[in-house]
Amino acid sequence: MTGIDALWRTWNRVRAFLQREPLDCELDAEMASHLEIAIDENVRRGMVPEEARRQALVEFGGVQQAREKQRVARGLPFLDVLGQDFRYTLRTLRRNRGFATVAVLILGLGIGANVAVFSVVNTLLLRPLPFSHSQRLVWIQGPPQSCGLSCVTYSADAVEDYQHRNQTMESVTAYMPFYGPADYKLTGRGEPVPVSGVPVVGNFFETLGVQPFLGRLFRPDETVKNGRPAVLLSFFFWKRGFHGDRGIVGQAIELNNKLTVVAGVLPPSFDFESVFAPGTKMDIFVPAILDDMRNWGNTLLIVGRMKPGVTAAQAQAEAKVLFPDFYFNKSHPNWGKGYEAWLQPLQEHVSGKLRRSLEVLWCAVGLILLIVCVNLSNLLLARSAARTKEFAMRNALGAGRGRIVRQLLTESLMLSCAGAVLGLGIAWAVTAYLEHAGEIALPLLQNVRVDGAALGWTALVAVITAALFGIAPAFRMSGKNIQESLKDSGHGATAGRKHESVRAALVVSEIALACVLLVGAGLLLRSFLKVLDIDLGFQPDRAAAITVNYDDQGSNGQRSAAKRGATLEEIVRKVKAIPGIEEAGVTDMLPLDRNRSWNLAAEGMDCIKQKCPDALVQIVTPGYLAAMGMKLREGRDFSWSDGAASPCVVILNEAAVKQLWPGQDPLGRVANIGPCSKPPRVIGVVGDVRDTSVEGDSDGPEAYLPATQAQPEGAELVVRTQLPPDVLAASVMRTLRTINPGQSAAEFRTIRQLVDHAVSPRRFFVLLVGIFAAMGLTLAALGIYGVIAYAVTRQTQEIGIRMALGASRARVQLRVMGRTLRLVGLGLAVGTVASLMTGRLIGSLLFGTQQTDAATYTGMVVLLMLVALVAGYLPARRASRIDPMAALRSN
Amino acid sequence: MTDSKLDLLQGTLDLMVLQTLAAMGAQHGYGIARRIEQASGNEVLLNQGTIYAGLVRLQHRGWIEAEWGTSDNNRRAKFYSITRRGRKQLAKDAAYWQRLSAVMGRVLAIEPEGSER
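Protein sequence lines, in the order shown, are assigned to chains A and B. No gaps in the numbering here: position 544 of the first sequence is 544 in my numbering, and each next residue is one more. No gaps in the numbering here: position 39 of the second sequence is 39 in my numbering, and each next residue is one more.
If you want it as structure tokens, here you go:
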């Protein structure tokens with residue numbers, strides 16, 4: 001009852017507030033009639049009209065007061081005052097356009113950076129993954145080692161066993177991560193188009209909770225051996241490749257020369273690559289037929305959906321019991337059994353590694369905002385000197401201290417709101433850029449946008465900022481003694497010393513904050529340069545790769561090594577003959593792109609009894625090593641005469657040789673690897689190559705087998721050239737088409753792009769932190785300039801007297817510069833200590849760089865000093881040019 | 001003592017207005033103010049203008065309602081009348097005041113005990 005009453009009263013007040021004019025008119029009419037009635041009655045009681053009127057007015061009391069009181073009682077007095085403050089602020093800021101512009105710009109940058117970073121953090125860390133009940137999804141993989149994907153994946157039999165024997169999962173699915181960027185070829189629609197696809201186990205989309213946008217998901221008869229070929233299209237491939245034609249669903253398309261039914265189109269919200277393979281693009285999804293994959297070894301990564309109420313710990317405990325019991329291949333139990341399972345929530349798998357980086361980014365923008373606040377506080381304090389009289393006047397006219405503080409806070413709030421609007425624009429632009437920056441290998445980046453949460457965050461940031469930079473100056477200004485202020489001419493040499501010490505403290509803290517930012521950015525930059533400096537084992541510059549299609553089907557329907565050898569030899573020979581191409585060769589898996597690993601054993605080792613090392617395997621043609629710019633340490637490269645009929649051969653890297661035959665000559669030894677019935681002999685040793693990551697541990701054993709003796713999975717033609725790859729594209733494509741008319745219209749990828757892609761997260765963070773540090777430095781410089789210039793203006797008279805008494809220009813300049821250096825020195829000291837204390841936060845993000853890296857700290861000190869000197873020199877020069885006579889005469 | 005008038009306690013004016021309207025029927029602002037002055041024997045300090053803040057407050061609470069009409073001597077004026085909810089409220093508040101004033105009377109009637117001094 002009382003609640004409804006209160007609501008009703010509030011509603012009445014709001015209504016009255018909105019109908020201000022008519023209600024005022026009505027009240028006036030009512031009060032007029034009141035007076036007339038009173039006069040009538042007084043006249044009736046025998047007064048003369050004059051007296052009757054006077055008496056009525058006396059009894060009525062103050063008309064204006066009555067009006068005000070009634071307004072307060074009926075409307076929203078708080079909003080009325082706010083409106084007044086608002087209009088007053090608009091007038092004030094319009095008079096100070098320069099100040100308002102600078103303040104809004106600074107605030108806009110600070111708030112924009114904050115909102116942009118918040119949007120990224122929100123998408124990657126705070127928001128659930130874009131799947132239904134995503135908190136129940138878990139990622140299961142083998143323990144991460146240095147042998148690439150083969151070590152973290154599971155065999156088809158293991159996946160099936162887990163599906164049948166677990167108790168904690170509602171559904172278990174898997175996908176095959178051994179896909180390439182253009183594994184599939186879409187034909188029959190003009191030029192053959194290269195298409196990227198990923199094989200997924202039949203229940204993949206059901207497990208994730210993804211509904212098709214059009215059509216249906218895979219049917220059971222499409223996910224079994226010799227089933228009907230079917231494919232699901234990603235939304236964007238459907239738009240791009242089929243112009244969004246709804247009729248395509250249910251039709252057959254020619255995929256890898258096989259008629260395949262388009263079962264459906266996935267929704268735009270389903271973004272496989274942003275969750276599972278950041279920085280790539282996936283066009284189609286095909287069923288992974290487990291029956292076909294039983295002999296392929298470890299090929300699948302598991303994603304599970306836990307039953308409601310099951311915790312990740314329970315699921316992990318169960319997996320720990322189950323997985324050691326799974327066979328590598330049930331039809332060959334003698335090959336052994338025993339997997340390990342690392343289970344983590346899918347969200348953790350996707351963004352867990354980035355948590356620290358994002359926290360650092362968030363801290364960096366937080367620092368920026370603090371610097372912005374400090375800077376604005378400083379600006380406002382400088383303005384306060386000019387406005388003391390204004391507020392003393394208002395005070396004298398009856399404005400209470402609370403009212404003045406409120407007025408000043410309204411000003412801060414309006415500034416920061418305008419800044420927030422600008423900031424939102426900046427953040428929107430940044431997120432729009434990120435949404436299309438597909439080459440950055442960060443998950444979920446495509447989903448980053450300024451959403452409701454970001455808007456809320458903006459509002460919060462704006463209010464906090466306003467409070468932070470507004471409160472101190474507000475109380476300072478309103479606390480002045482009226483009498484003093486009205487008398488104070490504001491130009492004394494000693495007046496306002498205390499005032500200036502507050503500003504100096506603000507500048508010192510600003511410099512200290514900028515210090516922390518600069519050190520962070522410097523350390524990350526040094527790490528990035530160190531990463532770029534890593535010896536990759538190949539030369540990424542001047543080399544490019546293109547996906548090649550070839551046909552190696554022999555007359556018996558099996559793949560024929562002899563036919564493949566002849567085709568590849570023709571391709572390499574003809575491409576190498578193109579002018580401008582120095583070296584050419586083919587591999588099936590490029591480093592930093594995709595990988596596989598096989599067991600590697602020295603002669604006499606039994607991999608079932610003892611643990612054999614895993615080697616990353618590439619199947620290559622002669623010329624590949626030279627095309628990649630790899631270093632051949634010993635022996636020779638493959639030759640085209642190492643054919644199907646000749647003895648099997650292998651090239652190993654130094655790590656493999658060291659592990660198998662430490663201290664011995666490896667050439668001519670037998671290494672058990674690959675499909676040859678008679679194990680291959682080592683004919684060469686190459687330097688170690690960074691295969692799975694640029695900055696991780698080095699990759700361990702690596703083996704290269706000739707494409708004429710082992711079966712490659714696809715083919716990437718690598719060329720080394722002085723020319724830009726685009727220039728060559730046409731002639732290379734023409735050559736490839738003369739050999740295989742069905743060659744799809746693939747594009748060159750430079751090897752540098754592969755490296756860039758691998759280091760793109762680090763580049764991204766360095767760039768952002770660097771930008772923030774530059775912003776911090778600029779703001780700090782502005783702050784120094786502001787304080788020093790203001791001090792010079794205040795001391796014009798004093799400086800004039802000094803000069804009149806014989807102080808030289810140099811002396812005056814020195815005095816001002818000395819003051820600058822004192823501020824900077826203090827700021828540097830505080831900042832260095834703070835940087836050392838916060839160094840631990842980014843310790844884990846550094847590569848080959850100490851947290852206390854001397855070069856970084858020195859660089860930071862030199863840079864800040866230089867900037868401070870410039871910022872301080874401008875006012876110092878002005879001070880030295882003061883004309884003593886003019887200075888003394890003024891005021 | 002007789003020179004200075006009584007300052008009104010918070011909320012008492014509202015009660016007086018309600019009682020006046022309940023007893024006299026619809027009244028305009030001047031009428032209400034006059035009645036209160038007369039009934040109090042001119043002991044209440046009342047700037048007649050201040051009554052309008054009270055009137056709008058009571059209106060918002062739904063205890064009185066207002067309508068423009070014509071006064072006895074043919075002037076247009078806004079007439080206030082008490083609502084059903086207003087009467088209920090009046091009963092409650094009046095009872096409260098009576099209890100309070102009775103209590104105050106008894107408390108103030110306590111005699112100082114001679115032995116204390």
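Built from N, CA and C at the ideal position, the CB exists for glycine as well.
Taking the alpha-carbon of residue i as reference, which of the options has the nearest alpha-carbon?
i: L866(A); options: L845(A), L455(A), A781(A), G831(A); result: A781(A)
i: K185(A); options: R822(A), A746(A), I842(A); result: A746(A)
i: A158(A); options: L23(A), E68(A), N298(A), A627(A); result: N298(A)
i: L920(A); options: A103(A), I673(A), L828(A); result: Past the boundaries of the shown model lies residue 920(A); chain A is included only from 1 to 891, so the question cannot be answered.
i: L380(A); options: A454(A), A466(A), A317(A); result: A466(A)
i: R240(A); options: R228(A), N226(A), K281(A); result: K281(A)
i: V727(A); options: A544(A), P212(A), R216(A); result: A544(A)
i: V115(A); options: T858(A), C25(A), A313(A), D451(A); result: D451(A)
i: P579(A); options: H436(A), A730(A), D614(A); result: A730(A)
i: L779(A); options: D606(A), R636(A), A514(A); result: A514(A)
i: S744(A); options: H133(A), T187(A), R67(A), S155(A); result: T187(A)
i: L422(A); options: V195(A), R394(A), L455(A), A396(A); result: L455(A)
i: C607(A); options: N549(A), K576(A), N672(A); result: N672(A)
i: D535(A); options: M306(A), A645(A), E695(A), V120(A); result: E695(A)
i: A437(A); options: A879(A), R9(A), R763(A), A38(A); result: R763(A)
i: D756(A); options: A876(A), Q163(A), F528(A), V861(A); result: F528(A)
i: S641(A); options: V200(A), V686(A), A707(A), G635(A); result: A707(A)
i: P622(A); options: Q664(A), D614(A), I571(A); result: I571(A)
i: V769(A); options: I106(A), L518(A), L217(A), I404(A); result: L518(A)
Along chain A, which residues have their Cβ under 7 Å away from the Cβ of residue i?
i: S71(B); result: I37
i: Y30(B); result: H34, I37, A38
i: A109(B); result: The premise fails here: A109(B) is roughly 36 Å from chain A at the closest Cβ pair, so nothing lies under 7 Å.
Provide the residue(s) that pair with residue i in DSSP beta bridges, ordered along the chain.
i: E583(A); result: R720(A)
i: K337(A); result: Y327(A)
i: D157(A); result: In the DSSP output, where bridge partners are listed per residue, D157(A) has none listed.
i: G215(A); result: G264(A)
i: V686(A); result: L632(A), N653(A)
i: P345(A); result: V138(A)
i: V195(A); result: Y184(A)
i: L301(A); result: Y175(A)
Chain B partners of residue i, CB-CB under 7 Å?
i: E59(A); result: Q48
i: L27(A); result: Y52
i: Q70(A); result: Y52, A53, V56
My guess is that residue i and residue j are in contact by the Cβ rule of under 8 Å, so how many angstroms apart are they, rounded?
i: G303(A); j: A174(A); result: Checking the displayed sequence, the identity of residue 303(A) turns out to be Val instead of Gly. About 7 Å separates the two Cβ atoms, so the contact holds.
i: D271(A); j: P177(A); result: About 16 Å separates the two Cβ atoms, so there is no contact after all.
i: L705(A); j: G674(A); result: 5 Å
i: V198(A); j: D291(A); result: 19 Å between Cβ atoms; not a contact.
Starting from residue i, find everything on chain A with Cβ-Cβ shorter than 8 Å and list it in chain order.
i: G77(B); result: Looking at the sequence itself, residue 77(B) is Ala, so the reference to Gly does not match. What A77(B) touches in chain A: E30, S33, H34, I37.
i: R57(B); result: A73, R74
i: G41(B); result: The premise fails here: G41(B) is roughly 16 Å from chain A at the closest Cβ pair, so nothing lies under 8 Å.
So which residues of chain A does residue i contact, with C-beta pairs closer than 9 Å?
i: R61(B); result: D5, W8, R9, N12
Going along chain B in order, which residues have a C-beta closer than 8 Å to the C-beta of residue i?
i: V81(A); result: What V81(A) touches in chain B: nothing, since even the nearest Cβ is about 17 Å away.
i: G62(A); result: N47, G49
Using a C-beta to C-beta distance shorter than 9 Å, which residues of chain B count as neighbours of residue i?
i: Q65(A); result: N47, G49, T50
Any heavy atom of the ligand GDP closer than 6 Å to the CB of residue i?
i: S134(A); result: As for the ligand GDP, it is missing from this structure, which has no ligand bound.
Is there contact between the stretch 413-431 of chain A and the stretch 235-254 of chain A, where contact requires at least three CB pairs shorter than 8 Å?
Contact fails: fewer than three Cβ-Cβ distances are below 8 Å.
Per the contact definition of three or more C-beta pairs closer than 8 Å, is the stretch 336-356 of chain A in contact with the stretch 808-820 of chain A?
Counting Cβ pairs under 8 Å, fewer than three are found: no touch.
Using 8 Å as the Cβ pair cut-off and three pairs as the minimum, do the stretch 673-685 of chain A and the stretch 528-544 of chain A touch?
Too few Cβ pairs lie closer than 8 Å, so no.
I'd like to know if the stretch 448-464 of chain A and the stretch 283-290 of chain A are in contact, where contact means that at least 3 CB-CB pairs between them fall below 8 Å.
Contact fails: fewer than three Cβ-Cβ distances are below 8 Å.
Report yes or no: do the stretch 615-622 of chain A and the stretch 583-594 of chain A share at least 3 C-beta pairs separated by less than 8 Å?
They touch, by the three-pair rule.
Indicate whether the contact test is met: 3 or more Cβ pairs, each with one atom in the stretch 160-168 of chain A and one in the stretch 307-325 of chain A, closer than 8 Å.
With the cut-off at 8 Å, the stretch 160-168 of chain A and the stretch 307-325 of chain A touch.
Please determine if the stretch 14-32 of chain B and the stretch 74-93 of chain B are in contact, where contact requires at least 3 C-beta pairs separated by less than 8 Å.
Yes, the stretch 14-32 of chain B is in contact with the stretch 74-93 of chain B.
Using 8 Å as the threshold, is the stretch 594-613 of chain A in touch with the stretch 543-560 of chain A, meaning 3 or more CB pairs across them?
No: fewer than three Cβ pairs fall under 8 Å.
Please confirm if the stretch 50-64 of chain A is in contact with the stretch 75-89 of chain A, defined as three or more CB-CB distances below 8 Å between the two stretches.
Fewer than three pairs of CB atoms, one per stretch, sit closer than 8 Å, so the stretch 50-64 of chain A makes no contact with the stretch 75-89 of chain A.
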